[in-house]
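In what follows, a single structure is set out as structure tokens and then discussed.
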Amino acid sequence: MMRSMYIGALHLNSSSAGFRCDSCLRLRETFSHLSSIIEENMNIAKNMRDRFRYRLEQNIQLVTEWKKHLLRTVHQDIARKHILDQLDEKSVFLVADWAMKWLPTKYREAQRDFFGKRGLPWHITYAIRLKPPSSSSGCNKVFEHRTFCHVFDNTKQDGSAVSSILCDVNCSLCFVELTESVKLKCANTFLSQAAGFISCILLRKSC
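If you're matching positions, the sequence shown starts at 181 in this note's numbering and goes up one per residue.
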């Protein structure tokens with residue numbers, strides 16, 4: 181895993197057009213070699229050839245998606261560190277995402293209460309900002325943290341719901357502390373329907 185992260189960092193940091201990744205080239209050659217074996221081996225029956233071809237295409241897609249995930253992970257980690265370096269007392273960094281379904285339980289729960297239980301959707305928003313300097317902290321950066329948890333009986337986990345949640349978080353931050361800028365990290369589901377939250381940001385002075 182660490183080697184994969186290192187290769188991902190090399191991909192991101194390579195600015196020259198002539199950059200070549202030996203691991204990626206070997207992987208591409210391996211896929212090409214497997215494809216040629218499937219197509220050129222005359223001892224493989226037609227139905228088996230179709231099956232092998234399909235399985236190879238599916239696995240190539242899975243490996244490609246995994247490589248994309250590694251690159252996104254490295255890129256997002258670099259962006260997160262950059263944002264934390266730029267934070268001040270009047271800006272806040274929000275990390276928002278849906279958590280796994282929450283199964284509420286009773287102190288003493290009968291078997292009939294367990295089966296057929298539906299999980300409750302809940303959303304976690306993690307806010308972090310730079311703490312104002314004090315004599316005790318010196319020159320070291322000290323961050324303040326706050327977590328907002330929204331639990332629903334039943335809701336669709338889409339961009340509209342996340343917009344409403346982040347608008348509530350935005351107003352809470354507006355009331356509690358002077359926040360002039362918000363930096364946001366969230367899932368792609370929200371980005372496709374972010375108009376509601378952008379409207380909330382534009383009207384945040386009315387909080």
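Just so it is clear, CB atoms sit at the ideal spot from N, CA and C, and this is done for glycine as well.
Quiz item: Roughly how many whole angstroms lie between the Cα atoms of Lys321 and Leu310?
Solution: Rounded to the nearest angstrom, the two C-alpha atoms are 7 angstroms apart.
Quiz prompt | Three-way DSSP call (helix, strand, coil) for Ile263 in this model | solution = In this structure, DSSP gives Ile263 a helical state, which the three-state scheme calls helix.
Quiz item: In whole angstroms, what separates the C-alpha of Arg298 from that of Phe332?
Solution: Those two C-alpha atoms are separated by around 12 angstroms.
Self-check item: For Ser361: DSSP bridge partner residues
Solution: Looking at the DSSP assignment, Ser361 forms a beta bridge with Ser271.
Self-check item: Three-state secondary structure (DSSP) of Arg200
Solution: The answer is coil: DSSP assigns Arg200 none of H, G, I, E or B.
Quiz prompt | Proximity of Phe328 and Val362 at Cβ, strictly below 8 angstroms | solution = Not closer than 8 angstroms, so no.
Quiz prompt | Between the CA atoms of Cys204 and Ile258 - distance to the nearest angstrom | solution = Going by the C-alpha atoms only, they are around 22 angstroms apart.
Exercise. Using only alpha-carbon positions, find the residue among Gly339, Tyr306, Arg200, Cys201 that is nearest to Phe323.
Key: Nearest of Gly339, Tyr306, Arg200, Cys201 to Phe323, Cα basis: Tyr306.
Self-check item: Run of the beta strand (DSSP E) containing Ala307, from where it starts to where it stops
Solution: Under the DSSP assignment, Ala307 falls in the beta strand (DSSP E) whose first and last residues are 302 to 310.
Quiz item: Rounded to a whole number of angstroms, what is the C-alpha to C-alpha distance between Phe211 and Glu237?
Solution: The straight-line gap from Cα to Cα measures roughly 9 angstroms.
Quiz item: So, is Ile345 buried or exposed, given that buried needs 16 or more other C-beta atoms within 10 angstroms?
Solution: Of the residues assessed, Ile345 falls on the buried side of the cut-off, its CB having 16 or more other CB atoms within 10 angstroms.
Quiz item: To the nearest whole angstrom, what separates the beta carbons of Glu452 and Lys261, a pair I think is in contact under 8 angstroms?
Solution: This structure cannot settle anything about residue 452, because the visible part of the chain is limited to 181 through 387.
Quiz prompt | Simplified DSSP assignment, three categories, for Asp277 | solution = Assigned with DSSP and collapsed to three states, Asp277 falls in strand.
Self-check item: Enclosing beta strand (DSSP E) for Thr388 [first to last residue]
Solution: A question about residue 388 goes unanswered here, because the residues of the chain that appear run from 181 up to 387.
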